[in-house]
Amino acid sequence: MRVTPDANVLVRAHPRSRSTGRKLIVALIEGGHTLLLSNEIIVETIQVLRYPRLQKRFALTDEELYDYAQFLRQVSQTVILSQPYHAPLRDVDDLDVLQTAERGAADLLCTNDKDFHDDPAVLGYCAARGIEVCYENDLLTRIVGT
Amino acid sequence: MLYRVKDLSPEQRHAAEILLGHPVSENEAVSIKSLDPATIIPSRLSPEERLAALRALDERFASRPVPEVSVEEEDALVREAFHSTRPDHRPAN
Chain A
4 MRVTPDANVL
14 VRAHPRSRST
24 GRKLIVALIE
34 GGHTLLLSNE
44 IIVETIQVLR
54 YPRLQKRFAL
64 TDEELYDYAQ
74 FLRQVSQTVI
84 LSQPYHAPLR
94 DVDDLDVLQT
104 AERGAADLLC
114 TNDKDFHDDP
124 AVLGYCAARG
134 IEVCYENDLL
144 TRIVGT
Chain B
22 MLYRVKDLSP
32 EQRHAAEILL
42 GHPVSENEAV
52 SIKSLDPATI
62 IPSRLSPEER
72 LAALRALDER
82 FASRPVPEVS
92 VEEEDALVRE
102 AFHSTRPDHR
112 PAN
């Protein structure tokens, strides 16, 4: 499968996390699936992880965050985004991850963002492009079973 | 575009089956994608090397003590962090 994980999955996929996001990324790599990312998604991921209380609680050093960003680049296919890009999304900050999935011809966009799951227009937009939208829990269950 | 198989002509259905590599049924929908290679930079690593990169990252992070952070606490911190960087973000939980 060709999968684009959103930043809200990747921020909980670093090695110190015990979350579903972490288990999912490990399962995707172990299963030989293709990760489709863009520089914009990786930058957002690291930006969120640099939130002081989060970075401090997980004792993440700047060097470790750099290593994590490099790792994400190494194990994924990098989709080059172009502007302008238009899609029926409420939050313009969601455009980058959707464009990554669309231009990367993803089969799945894995996100925990309600905007992608609740709006029929967004789901229809994705379905028309052959992109299935799923939560990380559902995708992990699909890959590794219950 | 997403096409319902029942709306395809016999020739289109045959072409779709050739491209997909398997038969399709009347109640299915198909989507054929074209890729622009210039927009995608492939990973230089093989699947085995990606797995090795995962293990290597784990080892680097394991060289320091792992703080005890529950999944619930992490979820709350991530929500707080997203709210700080993207106030319009709507997390699922």
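Residue numbers (this note's numbering), protein chains in the order written: chain A, 4 to 149; chain B, 22 to 114. Ideal placement from N, C-alpha and C gives every residue a C-beta, glycine not left out.
Going by beta-carbon coordinates alone, are residue i and residue j separated by less than 8 Å?
i         : j         : result
Ala104(A) : Leu112(A) : yes
Gly107(A) : Val82(A)  : yes
Thr23(A)  : Glu139(A) : yes
Leu225(A) : Ile49(A)  : Summary: the structure shown does not reach residue 225(A), with chain A confined to residues 4 through 149, and so no result is reported for it.
Gly133(A) : Leu23(B)  : yes
Leu63(A)  : Leu40(A)  : no
Thr106(B) : Val51(A)  : yes
Asp94(A)  : Asp109(B) : yes
Gln80(A)  : Ile39(B)  : no
Val51(B)  : Ala37(B)  : yes
What residues in its chain sit with their C-beta under 8 Å from that of residue i, if we drop five residues either side in the sequence?
i         : result
Leu142(A) : Val6, Leu27, Leu111, Cys113
With which residues is residue i paired in a DSSP beta bridge?
i        : result
Tyr24(B) : Val51(B)
Gln80(A) : Leu39(A)
Val29(A) : For Val29(A), which the question treats as bridged, DSSP gives no partner whatsoever.
Does any residue of chain B have a CB that is nearer than 8 Å to the CB of residue i?
i         : result
Thr81(A)  : yes
Gln86(A)  : no
Tyr54(A)  : yes
Ala90(A)  : no
Tyr128(A) : no
Leu57(A)  : yes
Asp123(A) : Checking the displayed sequence, the identity of residue 123(A) turns out to be Pro instead of Asp. Output row for Pro123(A): interface = no.
Ile32(A)  : yes
Gly19(A)  : Before going further, note that residue 19(A) is Arg rather than Gly in the sequence given. Chain B contact via Cβ: present.
My guess is that residue i and residue j are in contact by the Cβ rule of under 8 Å, so how many angstroms apart are they, rounded?
i         : j         : result
Asn11(A)  : Asp122(A) : Not confirmed; about 16 Å, so no contact.
Leu57(A)  : Val99(B)  : 7 Å
Ile146(A) : Ala30(A)  : 5 Å
Pro18(A)  : Phe103(B) : So it is not a contact: roughly 21 Å between Cβ atoms.
Ala90(A)  : Tyr128(A) : 6 Å
Pro88(B)  : Arg60(A)  : 7 Å
Give every residue of the same chain whose Cβ lies closer than 7 Å to the Cβ of residue i, excluding the five residues on either side of it in the sequence, and list them in chain order.
i        : result
Ala74(B) : Leu66
Taking 8 Å as the threshold (beta carbon to beta carbon), is residue i in contact with chain A?
i         : result
Ser105(B) : yes
Q.
Please identify, using Cβ separations under 7 Å, the residues of the segment 101-118 of chain A that lie next to chain D, in order along the chain.
A. Of the protein chains in the structure, A and B, none is chain D.
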